[in-house]
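Per the numbering used here, the sequence shown starts with residue 1, numbered consecutively.
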Amino acid sequence: MATQPKQPVKISEMIIAVTILIQVHVLSSVLSIVVFLMITFSYSLFQSTTNKKQLITKTGIAAGITIILTINIWLPYIVLSTQNKLLNPFPYADPQMHTLNWSGATVLLVSLICILSCAVLFVSVKNVNTKAIKFLGWLGIVTLVLASGIFPWNLLFKTFKFLYILQFPFRLAPIAFLLLIYAGFMTLQEINLNEMGRKFIMLALRILICLTILQGISVFTTMLAKWNNASIGYQGLMVNKDRNVPFKLQKSFASKDLSKPWQQIAKPVTDYLPATKQMIALANPAATTDTKLNNVRKLAKLYTKVYLNNKFTKQVKHGHIVITWHQNQAEPITLPIAHYKGTRFILNGHKLVAK
Numbered sequence: 001m002a003t004q005p006k007q008p009v010k011i012s013e014m015i016i017a018v019t020i021l022i023q024v025h026v027l028s029s030v031l032s033i034v035v036f037l038m039i040t041f042s043y044s045l046f047q048s049t050t051n052k053k054q055l056i057t058k059t060g061i062a063a064g065i066t067i068i069l070t071i072n073i074w075l076p077y078i079v080l081s082t083q084n085k086l087l088n089p090f091p092y093a094d095p096q097m098h099t100l101n102w103s104g105a106t107v108l109l110v111s112l113i114c115i116l117s118c119a120v121l122f123v124s125v126k127n128v129n130t131k132a133i134k135f136l137g138w139l140g141i142v143t144l145v146l147a148s149g150i151f152p153w154n155l156l157f158k159t160f161k162f163l164y165i166l167q168f169p170f171r172l173a174p175i176a177f178l179l180l181i182y183a184g185f186m187t188l189q190e191i192n193l194n195e196m197g198r199k200f201i202m203l204a205l206r207i208l209i210c211l212t213i214l215q216g217i218s219v220f221t222t223m224l225a226k227w228n229n230a231s232i233g234y235q236g237l238m239v240n241k242d243r244n245v246p247f248k249l250q251k252s253f254a255s256k257d258l259s260k261p262w263q264q265i266a267k268p269v270t271d272y273l274p275a276t277k278q279m280i281a282l283a284n285p286a287a288t289t290d291t292k293l294n295n296v297r298k299l300a301k302l303y304t305k306v307y308l309n310n311k312f313t314k315q316v317k318h319g320h321i322v323i324t325w326h327q328n329q330a331e332p333i334t335l336p337i338a339h340y341k342g343t344r345f346i347l348n349g350h351k352l353v354a355k
């Protein structure tokens, strides 16, 4: 849209890219489409003098086909959310902690230096870039600032509660990286350098690339060491029921039975499941980091107790979830399923009616 004014939209490319993104991760697609695609669309519409109709028409066609191809995602969500009280993505209390930093696995330090080098190159070279490159470069810089700890996210989240659905501001970083790499290298391509200057820049880039690879290997080695630890316990998004049985979880991933790992682990933060009053209370933004962690642990304990109960055998047959168990005496029992409004229950061949 920004760099090809004569053909701002290729319908097939837009359909494929956006459809895949929606199928993979809905929240990422919301950020990309609502924010960045609309910003770029507005810029392209404003800049174009001859192809406004083509831009609007082709974007509309691509959007319409994408809506049809992703009906399996948005239609069930609309139906379920209008009938049930669903838990939104867990609202982390301190978003400032989940921004880009100069250490840790959130972003590789050398990679961040590469990105910043592209940003400096783009900003420092004057009168070289076209309007489109300037637009994309500055959009990348603004996005990088938003993804960093420079921006006062805690204050903004507390002022506008709906922003808690974003959870982690560093989610904006990949888009900033792509934009700045593109703008930086387009700038480099247009600079008139002598042979010595070009050799120096190529050498610097090769060194940074090699360092990035080495740091990537280092991070991977650290993660592999954690995985090879005999006892894997709480791992952020998963809870291991058999944490005290050495290597049981690792071996389950090598099993031909794909259900084996899921019989041992559960997700403690339960996005989009029907909520009880207790869950809603736990999912409220916590006042402190310690409280937030305690709330996550309470949710984890609650769901581990229900969903990692080995008393039940779970299967899917002909599009239905089939749960079997043996019970010798009459007593209340909690089944390991999410109860959405409209769910049909059949017990031993008899349809159950909710009271």
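Note that beta-carbon positions come from the ideal geometry of N, C-alpha and C, so glycine has one too.
Give me whichever residues DSSP pairs with residue i in a beta bridge.
i: Gln315; result: Val322
i: Lys6; result: For Lys6, which the question treats as bridged, DSSP gives no partner whatsoever.
i: Leu86; result: Pro274
i: Ala266; result: Val239
i: His350; result: Leu347
i: Leu80; result: Answer by DSSP bridge pairing: none, since Leu80 is not bridged.
i: Leu100; result: Ser148
Please say whether residue j and residue i have beta carbons closer to each other than 8 Å?
i: Gly184; j: Phe122; result: yes
i: Leu208; j: Ile115; result: no
i: Leu45; j: Leu55; result: yes
i: Thr99; j: Ser148; result: yes
i: Asn72; j: Pro5; result: no
i: Ser252; j: Lys260; result: yes
i: Ser255; j: Asn244; result: no
i: Phe41; j: Thr57; result: no
i: Thr187; j: Val125; result: yes
i: Val128; j: Ile181; result: no
i: Thr270; j: Val306; result: no
i: Met97; j: Ala62; result: no
i: Leu312; j: Ile321; result: A small correction: the amino acid at residue 312 is Phe; Leu does not occupy that position in the sequence shown. Result no, Cβ atoms of Phe312 and Ile321 do not sit closer than 8 Å.
i: Gln360; j: Lys131; result: A question about residue 360 goes unanswered here, because the residues of the chain that appear run from 1 up to 355.
i: Leu407; j: Ala176; result: Because the chain is modelled from 1 through 355, residue 407 falls outside the range shown and cannot be assessed.
i: Leu308; j: Met279; result: no
i: Leu86; j: Leu80; result: yes
i: Val239; j: Thr304; result: yes
For residue i, tell me which candidate among the options has the shortest Cα-Cα distance.
i: Arg297; options: Ser218, Asn84, Phe90 and Leu179; result: Phe90
i: Gly319; options: His25, Arg344, Thr334 and Asn328; result: Arg344
i: Gln250; options: Lys226, Val322 and Lys267; result: Lys226
i: Met1; options: Leu136, Leu224 and Leu21; result: Leu136
i: Leu364; options: Thr334, Ile56, Ser81 and Pro95; result: This structure does not reach residue 364, given that the chain is present from 1 up to 355, and the question cannot be answered.
i: Leu282; options: Lys260, Val142, Tyr92 and Ala266; result: Tyr92
i: Leu139; options: Lys158, His25 and Ala119; result: Ala119
i: Ser218; options: Asn84, Gln47, Leu109 and Glu195; result: Leu109
i: Leu178; options: Thr222, Trp153, Ile133 and Asn154; result: Ile133
i: Ile141; options: Leu347, Asn309 and Ala173; result: Ala173
i: Ala266; options: Lys301, Asp257 and Met279; result: Lys301
i: Gln23; options: Ile11, Gly349, Tyr77 and Pro8; result: Tyr77
i: Thr82; options: Glu331, Gln327 and Gly342; result: Gly342
i: Gln315; options: Tyr303, Gln264, Val353 and Leu258; result: Leu258
i: Gln263; options: Asn310, His326 and Asn348; result: Asn310
i: Trp74; options: Ser117, His25, Ser32 and Thr3; result: His25
i: Gln7; options: Val34, Lys53 and Ala330; result: Lys53
i: Val30; options: His350, Trp153 and Leu163; result: Leu163
Examine the Cβ distances between the stretch 332 to 345 and the stretch 261 to 279 and report whether three or more of them are shorter than 8 Å. yes
Can you find at least 3 beta carbon pairs, one from the stretch 53 to 66 and one from the stretch 6 to 23, that sit closer than 8 Å? yes
What are the uninterrupted segments assigned as beta strand (DSSP E) that are 3 or more residues long and contained completely in the stretch 127 to 189, given in chain order? Along the length of the stretch 127 to 189, whole beta strand (DSSP E) runs at least 3 residues long do not occur.
Hey, is the stretch 165 to 179 in contact with the stretch 199 to 218, meaning 3+ C-beta pairs nearer than 8 Å? no
At least three beta-carbon pairs within less than 8 Å, the stretch 190 to 203 to the stretch 211 to 225: The stretch 190 to 203 makes no contact with the stretch 211 to 225: fewer than 3 CB pairs, one atom from each, lie closer than 8 Å.
Entirely enclosed alpha helix (DSSP H) segments - the stretch 22 to 50, minimum 4 residues: 26 to 30 and 38 to 47
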